[in-house]
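Written out below as structure tokens is the structure these notes cover.
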Amino acid sequence: MSAFLGLLAAIAQKVLVGIAGEFLRQKRHDRAVGANTLLKAQIRSRKAIDRAKKISERRDLGAVRDRLRERARKRSTKP
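Taking UniProt numbering, I'd label the letters of the sequence shown as residues 1 to 79.
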């Protein structure tokens, strides 16, 4: 009888260790996926910021160019 209980306890222990191990593996995987998702979001955010800066710089350059053209046009039309 005690051998049967020992065998039953050993089986239960192996099952519990397996469940706990799988739980820890899943938790590590979820953490890695979360970190990867966060990293991807940061990269996308940085790219969006860089893109906005480039657009802003192009607009600024365009505005300067337009002012220079306007100034040159005014000078050329003066009598």
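Each residue gets a CB set at the ideal place from its N, CA and C atoms; glycine is no exception.
Where residue i and residue j are concerned, what is the direct C-alpha to C-alpha distance, given to the nearest angstrom?
| i | j | result |
| --- | --- | --- |
| R71 | A63 | 12 angstroms |
| L7 | Q13 | 10 angstroms |
| L5 | E22 | 25 angstroms |
| Q26 | A9 | 25 angstroms |
| K53 | T77 | 36 angstroms |
| R51 | I11 | 59 angstroms |
| G34 | K40 | 10 angstroms |
| A20 | Q42 | 33 angstroms |
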